[in-house]
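Notes to accompany the following structure.
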Amino acid sequence: MELFEIIGKTKLNGEVYINGAKNAAVAIIPAAIATGGICKIENVPDIEDVENLKTAITKLGAVCERPDPHTLIIDSSKISSHIVDYNSVKKIRASYYMLGALLTRYKKAEVPLPGGCNFGERPIDQHIKGFEALGATVKIEHGMVKAYADNLRGASIYLDKVSVGSTINIMLAAVCAKGVTTIENAAKEPHIVDTANFLNMMGANIKGAGTEIIKILGVEKLHGCEYTIIPDQIEAGTYMIAAAVAGGDVTVQNIIPKHMDTLSIKLREMGGIVEEGDDFLRVISDGNLKNVEVKTMSYPGFPTDLQPQMTALMAASSGMGNITETVWENRFQYVTELKRLGCKITVDGRVARIEGGAKLTGAEVHATDLRAGASLIIAALACEGKTTIGNVRYINRGYEAIEEKLGALGADIKRVFIDDSDERYSEEMN
Ligand code: EPU
53 MELFEIIGKT
63 KLNGEVYING
73 AKNAAVAIIP
83 AAIATGGICK
93 IENVPDIEDV
103 ENLKTAITKL
113 GAVCERPDPH
123 TLIIDSSKIS
133 SHIVDYNSVK
143 KIRASYYMLG
153 ALLTRYKKAE
163 VPLPGGCNFG
173 ERPIDQHIKG
183 FEALGATVKI
193 EHGMVKAYAD
203 NLRGASIYLD
213 KVSVGSTINI
223 MLAAVCAKGV
233 TTIENAAKEP
243 HIVDTANFLN
253 MMGANIKGAG
263 TEIIKILGVE
273 KLHGCEYTII
283 PDQIEAGTYM
293 IAAAVAGGDV
303 TVQNIIPKHM
313 DTLSIKLREM
323 GGIVEEGDDF
333 LRVISDGNLK
343 NVEVKTMSYP
353 GFPTDLQPQM
363 TALMAASSGM
373 GNITETVWEN
383 RFQYVTELKR
393 LGCKITVDGR
403 VARIEGGAKL
413 TGAEVHATDL
423 RAGASLIIAA
433 LACEGKTTIG
443 NVRYINRGYE
453 AIEEKLGALG
463 ADIKRVFIDD
473 SDERYSEEMN
């Protein structure tokens, strides 16, 4: 079992390099099996979600090579099955992208239902609505989503919810559908644009990704390609918030600053300095910022995946502030753990009211999901004394070498391996 031990109150200084985007990688890897060609994907983050997806497509028959930790070569020519087994995807929420990709490749797909997550239900009704509009028959039985189509044909699809997953999945299923598919009320996140760019490199004809209306003209078939994944907006934001909470002068390198606009604006409102370059942002903070109002929204709004980290920063800042979560119904479960560190937060439905200025002190806490884990790390940086974070496996899903990167900036953080039978950490807080 792994833990993080963090001793807070050290300033952060220097440069940190951001890896490729997790949420683009977990869409692009399944997209690669929509062709029988070879795809070389670069700037792949070295994280557990990628490793798990690689295992899942290998079990289907794909041959994956990783000549270096950030390059993945996928040869899908020998894929022989359209049925994904539960064990290979039970740890990956994004397994549902195999549905769209296998529908394009074989016109049939059977994929285990994605599990619920620690911040609530994860419905896929909009994905299914899209597949059905394209001509597929979809049923759910024995824990599997089963989709079959004689032919896929273009359709006009209006999403009732702005949804990243269904926007990408419908694109995946529509790339070879006959005629034109229109997705209205599409999500606009950077990883949607990245997945569309990847599919276009494979021969697809997708226009409008990054806007509310995406048009897909079906093509005969896809082919292999070479592609480089965009930098991770959420990893970048996590380091910007870490710099803001700890104080210091940190340059977050290898990013697309535009993707960070809402966070940069909020950090400036809080009294931090954020300077922008072509592919970097420099955050300067005295570690004593003042609170603001934040509301999560789909892109270009404030990302829900930075909400837990922002809550920790606000708890360590001064004055009152509110964070309203509009994307997920129940994404404040981690607050109980932040309170163990002394954070003063009251959750009322979708709003967390934060009373800044509390004295934060280290304690034993547990991550309840990936971004909740990042939030605990942020809070620990502001704590007096030692914080021990359990359930590090959640953090491993989405952050590459986080302890090395923070350590290089000056944080006192160690990954500690302990015996699984150690009673102090055997009870996981899920
Ligand atoms: N929704 C529906 N029906 C659907 C799909 C979604 O009602 O068919 C609802 C959801 O319940 C939620 C909202 O729509 O309330 C948005 O869900 P979305 O489909 O956008 O989420 P997702 O695609 O499942 C991705 C990211 C999440 C991120 C959300 C929102 C991936 C693999 N995951 O999830 O990332 O929070 O978009 O931006 O891309 C993370 O990285 O920590 C993470 C959870």
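Be aware that the sequence shown starts at 53, since it is given in this note's numbering, and climbs by one per residue. Ideal placement from N, C-alpha and C gives every residue a C-beta, glycine not left out.
- Item | Check: Ser-128 C-beta below 7 Å from any heavy atom of the ligand EPU | Ser-128: no, Cβ never under 7 Å from the ligand EPU.
- Message: I'd like to know if the region 455-466 and the region 393-400 are in contact, where contact means that at least 3 CB-CB pairs between them fall below 8 Å.
- Response: Short answer: they don't touch.
- Message: As a quick exercise: from Pro-352, Tyr-351, Val-344, Val-379, pick the residue whose alpha carbon is nearest that of Met-362.
- Response: Comparing alpha-carbon positions, the option among Pro-352, Tyr-351, Val-344, Val-379 lying closest to Met-362 turns out to be Val-344.
- Task: Within the region 179-265, note down every full alpha helix (DSSP H) run reaching 4 residues or more, in order along the chain.
- Result: Complete alpha helix (DSSP H) runs here, min 4: 216-226, 242-253.
- Segment contact, 8 Å Cβ cut-off, at least three pairs: the region 431-441 with the region 260-274: No, because fewer than three Cβ pairs between the region 431-441 and the region 260-274 fall closer than 8 Å, the two stretches do not touch.
- What is the rounded straight-line gap between the Cα of His-311 and the Cα of Pro-242? Here the C-alpha atom of His-311 lies approximately 7 Å from the C-alpha atom of Pro-242.
- Task: With distances taken Cα to Cα, identify the nearest neighbour of Gly-450 among Glu-321, Asn-65, Ala-86, Glu-100.
- Result: Of the candidates Glu-321, Asn-65, Ala-86, Glu-100, the one whose C-alpha sits nearest the C-alpha of Gly-450 is Glu-100.
- Query: So which of Leu-64, Pro-352, Ser-147 has the shortest CA-CA distance to Glu-103?
  - Reply: Measuring C-alpha to C-alpha distances from Glu-103 to each of Leu-64, Pro-352, Ser-147 identifies Ser-147 as the nearest.
- Taking the alpha-carbon positions, what's the Gln-305 to Thr-376 distance? Inter-residue distance for Gln-305 and Thr-376 is about 29 Å (C-alpha atoms, whole angstroms).
- Task: Please name the residue or residues paired with Thr-376 in a DSSP beta bridge.
- Result: Paired residue(s): Lys-347, Val-403.
- Nearest CA to the CA of Asp-330: which residue from Asn-340, Thr-303, Ile-317, Phe-354? Comparing Cα-Cα distances from Asp-330 to each of Asn-340, Thr-303, Ile-317, Phe-354, the minimum goes to Thr-303.
- Message: With a threshold of 7 Å on Cβ separation, who are the neighbours of Gln-10 within its own chain once the five nearest residues in sequence on each side are excluded?
- Response: No statement about residue 10 is possible, as the shown extent of the chain runs from 53 to 482 and does not include it.
- Item | Opposing strand residues paired with Cys-277 [DSSP bridges] | Beta-bridge pairing links Cys-277 to Cys-91.
- Item | Reference Arg-145, options Val-136, Tyr-138, Pro-352, Pro-166, closest by Cα | Answer by Cα proximity: Pro-166.
- Would His-311 count as contacting chain D if we go by Cβ distances under 8 Å? Given the protein chain composition of this structure (a single chain), no chain D is represented.
- Message: At a cut-off of 7 Å, would you count Ile-429 as near the ligand EPU, judging by its Cβ distance to the nearest heavy atom?
- Response: Checking the Cβ of Ile-429 against the ligand EPU gives no.
- Query: Helix, strand or coil: which one does DSSP assign to Thr-413?
  - Reply: In this structure, Thr-413 counts as strand in the three-state DSSP scheme.
- Which residues does DSSP pair with Asp-301 in a beta bridge? Bridge partners of Asp-301: Asn-65, Ile-336.
- Message: Is Thr-97 close to the ligand EPU? I mean its beta-carbon at under 7 Å from any heavy atom of the ligand.
- Response: For clarity, residue 97 is Pro in the given sequence; the question names Thr instead. Result no, Cβ not under 7 Å from the ligand EPU.
- Under 8 Å between C-beta atoms of Phe-384 and Ala-404: With respect to the 8 Å criterion, Phe-384 and Ala-404 are classified as neighbours on the basis of their beta carbons.
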